[in-house]
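Chains as they are written, first to last, in our numbering: chain G, 83 to 422; chain E, 83 to 422.
Data block below; observations after.
Number of protein chains: 2
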Amino acid sequence: MKLRNVLRKIALLFFIGTFAALALAQAKSPDPLPSWNEGPVKQSILSFVRKVTDKSGPTYVAPKDRIATFDQDGTTWVEHPLYTQAMFALDRVHELAPKHPEWKTEPPFKAILGNDREAMAKFTDADWGKIIGVTHSGMTIEAFRKMSQEWLARARHPRFKRPYTELIYQPMLEVMQYLRTNGFKTYIVTGFGQEFVRAYGEQVYGVAPEQVVGSSFATKYEYQDGKPVLMRLPKVFFNDNFAGKAIGINLFIGKRPLAAFGNSTGDRQMLEYTGAGGGARLMMMVLHDDGKREYAYGPAQGLPDTRVGTFTQALCDQAKKQGWVVISMKNDWNKIFAWE
Amino acid sequence: MKLRNVLRKIALLFFIGTFAALALAQAKSPDPLPSWNEGPVKQSILSFVRKVTDKSGPTYVAPKDRIATFDQDGTTWVEHPLYTQAMFALDRVHELAPKHPEWKTEPPFKAILGNDREAMAKFTDADWGKIIGVTHSGMTIEAFRKMSQEWLARARHPRFKRPYTELIYQPMLEVMQYLRTNGFKTYIVTGFGQEFVRAYGEQVYGVAPEQVVGSSFATKYEYQDGKPVLMRLPKVFFNDNFAGKAIGINLFIGKRPLAAFGNSTGDRQMLEYTGAGGGARLMMMVLHDDGKREYAYGPAQGLPDTRVGTFTQALCDQAKKQGWVVISMKNDWNKIFAWE
């Protein structure tokens, strides 16, 4: 065989190899968002990612500044009939009750121990403050995370009869993964406890402890058997909700997000703050309009009113005005949970 | 030419290419810490990194958990005769003075405006609180970062006559880079302002805003011309010093560091907290014993006493007892600044 022929063969093999590799790559990454129905909502995500990753475009953003923030309850997992961490707190009250005989007659604990649903539905923020205070403090950070993990392993959602960590919205997991594949850092920004989410965030969302922004209790540095530990105190240090979400984002991340995802009034400022940046931005709100597969509540768009994850009509109007995308669970998601 | 000969030639070229690449790689990464003199201190760094990155060893740590925290003032840059951010605050007092005629007679501002060094040397923490309060608040986060950057561009160190950002310790930059090359996330954990360090951290240290843990003022979410902004309030939100460093590390990172670097009493708890973890850990303290090339202060080891970056003998004794490595600037660093 002549050299020319050999070189031709090599060139041909190279060509075939390249073609095969390209075909394979295409086959491997068909639709990054398979649980999303086709339509303008899904397109808004794809189009946003194209805009910030297209190096030749005017809205390109360097990977180091690609930040996306996700509210948790009602945005990445189920929050009805009650926030998961509130469920955890109620269970902890039952566990701790033997050590607190005074709770039998003392509100709000009396209502919890007596399973008085009517009274519990009327709990004020101050009541919840007391409940969270006694159930979430008095232990080290490590002990609290372990306790949270153990509870999550055994607790079951009253309707779905599954662990809460299986009630993650598959479409949102796909968005998180899709954004990370495109160089984004994804953060959970929750009004609930930072340490609670850190107990499972990496496993459930692929979000590392340093990428969880949330509310927190003060901690105290002290020594146990000569070893330093951080003890949780029954004292709120930071409230990461409403304006606190924008404040928390700056405090913990120090950069303005390019994309933010929420579902209730507590997320308004996070989305406003995100939208106030220049260039391409993506602000999305999950609307719970699927009572069949999940829950239906607003009161936006005439949906039933709720105290858990309220999405008001005013917020819905603001979303429209400011170009935020409202996700209809019913119409935009062909699958809600991975196990469906 | 026969096919066999062609293949031989290809194999030979491949061999030469591989050899050249390997030689180049070796030539490219000779000593990751060239500014460190040979000896047990330098070896402690190299040995620590080997231990946590050796997959077959008992102290291997996955990259996601490789966290290293660095104090800033006196550890990664010069802090004498006065902390850089205090210098910034003093300059700001002069700038703001025309708007505050009352400062001419009001302590501690009077002493600053009159350049009364004796009075300034006696400033209490409360005095500094007042000074930092008025000079570091009342503007948005963005305005404050810009103001910090502009000051750093024009300010000069009184002795070295160079920008403060050129007074970074080259050996510590090498350690940071070496750790990052080995999969570590490097954090600045400073008793000074988180936002101040964020203004230059990426450029100077290669440390992104989300990897700066520091003291902070409260911020307020408000609207300017309909756009949301975060305004800095004259109210301390978090004091990231002493026990605050361990608390801040958990708050912002949520993981225990594998390595921590400090130089003064404010770093004690950070090093203790780091050392209390299992496996391989590296705790290092910079001792300023080089009055010729930098400054000499302690009062550890009989060095002159100071109120700026105090390293007590008690801390030095604790370091010895707990296996922390004390770095002698004089003996362990053959170069202190990049421009030497």
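The beta carbon of each residue, even a glycine, is placed where N, CA and C say it ideally should be.
Spatial neighbours of residue i in its chain, beta-carbon cut-off 7 Å, leaving aside the 5 residues before and after
i         : result
G/Lys-192 : Trp-185 and Lys-186
E/Phe-130 : Ala-341, Ala-362 and Leu-364
E/Asn-413 : Asn-119
G/Ser-346 : Gly-156, Gly-391, Thr-392 and Phe-393
G/Ala-300 : Leu-315, Lys-317 and Phe-319
Residue of the options minimising C-alpha distance to residue i
i         : options                                       : result
G/Leu-333 : G/Ala-341, G/Phe-320, G/Asp-198 and G/Ala-342 : G/Phe-320
E/Phe-419 : E/His-176, E/Leu-249 and E/Ala-171            : E/Leu-249
E/Asn-264 : E/Val-134, E/Glu-422, E/Trp-118 and E/Gly-283 : E/Val-134
E/Pro-240 : E/Phe-170, E/Pro-180 and E/Thr-141            : E/Phe-170
E/Met-313 : E/Ser-219, E/Lys-374, E/Met-254 and E/Phe-242 : E/Ser-219
E/Gln-231 : E/Ala-201, E/Phe-278, E/Trp-210 and E/Ser-298 : E/Phe-278
G/Lys-243 : G/Val-271, G/Val-160, G/Trp-210 and G/Phe-205 : G/Val-160
E/Leu-115 : E/Gly-308, E/Pro-253, E/Ser-346 and E/Tyr-355 : E/Pro-253
E/Pro-189 : E/Trp-210, E/Asp-173 and E/Glu-177            : E/Trp-210
G/Gly-373 : G/Lys-137, G/Pro-163, G/Ala-150 and G/Pro-145 : G/Pro-163
E/Lys-228 : E/Ala-281, E/Lys-309 and E/Asn-416            : E/Ala-281
G/Lys-146 : E/Lys-124, E/Pro-145, E/Glu-200 and E/Glu-284 : E/Glu-284
E/Glu-422 : E/Glu-376, E/Ala-300, E/Gln-306 and E/Lys-309 : E/Glu-376
G/Trp-233 : G/Glu-177, G/Gly-359 and G/Lys-309            : G/Glu-177
E/Ala-358 : E/Gln-404, E/Arg-132 and E/Ser-126            : E/Gln-404
E/Glu-256 : E/Ile-127, E/Pro-310, E/Lys-137 and E/Thr-272 : E/Ile-127
E/Val-311 : G/Asp-136, G/Gly-326 and G/Lys-309            : G/Gly-326
Neighbour list for residue i in chain E, Cβ cutoff strictly below 9 Å
i         : result
G/Gly-360 : Simply none; closest approach about 11 Å.
G/Gln-351 : Tyr-303 and Pro-310
Euclidean distance between Cα positions of residue i and residue j
i         : j         : result
E/Tyr-246 : G/Thr-392 : 50 Å
E/Val-452 : G/Leu-353 : As displayed, chain E neither begins before 83 nor continues past 422, which places residue 452 of chain E out of reach and without an answer.
G/Val-294 : G/Gly-275 : 9 Å
E/Gln-154 : E/Gly-344 : 8 Å
G/Arg-148 : G/Val-289 : 15 Å
G/Leu-315 : E/Ala-382 : 35 Å
E/Ile-437 : G/Pro-291 : The displayed coordinates of chain E run from 83 to 422. Any statement about residue 437 of chain E would go beyond what the structure contains.
G/Tyr-165 : G/Thr-222 : 23 Å
E/Ala-179 : E/Ala-168 : 16 Å
E/Glu-224 : E/Gly-296 : 17 Å
G/Arg-338 : G/Tyr-142 : 15 Å
E/Met-366 : E/Trp-406 : 6 Å
E/Ala-235 : E/Asp-173 : 13 Å
G/Arg-199 : G/Arg-238 : 18 Å
E/Lys-124 : E/Tyr-355 : 23 Å
G/Ala-328 : G/Pro-140 : 26 Å
G/Gly-273 : G/Thr-158 : 13 Å
E/Asp-136 : E/Gly-360 : 16 Å
Interface partners of residue i on chain G, CB under 7 Å
i         : result
E/Leu-457 : Past the edges of chain E, shown from 83 to 422, lies residue 457 of chain E, and the structure says nothing about it.
E/Val-294 : Gly-336
E/Lys-403 : Going along chain G, no residue has its Cβ under 7 Å from E/Lys-403, so there is no contact; the nearest lies around 12 Å.
Buried versus exposed call for residue i [16 or more other C-beta atoms within 10 Å across all chains shown]
i         : result
E/Lys-302 : exposed
G/Ala-203 : exposed
E/Tyr-260 : buried
E/Lys-402 : exposed
E/Trp-118 : buried
G/Lys-267 : buried
G/Asp-207 : exposed
G/Gly-336 : buried
G/Asp-322 : buried
E/Tyr-287 : buried
E/Trp-415 : buried
G/Ala-150 : buried
E/Gly-308 : exposed
E/Tyr-305 : exposed
Nonlocal neighbours in the same chain, by C-beta distance under 6 Å from residue i, ignoring five residues either side
i         : result
E/His-182 : none
E/Tyr-379 : His-370, Leu-385, Pro-386 and Thr-388
E/Pro-112 : none
G/Ser-298 : Gln-276, Phe-319 and Phe-320
E/Phe-205 : Pro-190
Listed by chain order, chain G residues near residue i by CB distance under 8 Å
i         : result
E/Arg-280 : Gly-336
E/Pro-291 : Ile-335, Gly-336 and Lys-337
Residue i: contacting residues in chain G (beta-carbon distance under 9 Å)
i         : result
E/Ile-223 : Asn-332 and Gly-336
E/Ile-214 : Going along chain G, no residue has its Cβ under 9 Å from E/Ile-214, so there is no contact; the nearest lies around 18 Å.
Cutoff 8 Å; reference residue i; Cβ partners in own chain excluding five residues on either side
i         : result
E/Arg-350 : Phe-324, Gly-344, Leu-397 and Gln-400
G/Val-175 : Trp-185, Phe-191, Ile-194, Leu-195, Ile-213, Val-216 and Thr-217
G/Arg-262 : Thr-268 and Gly-288
G/Gly-121 : Asn-413 and Asp-414
Contacts of residue i in chain E (Cβ-Cβ under 7 Å)
i         : result
G/Glu-354 : Pro-310
G/Lys-146 : Ala-290
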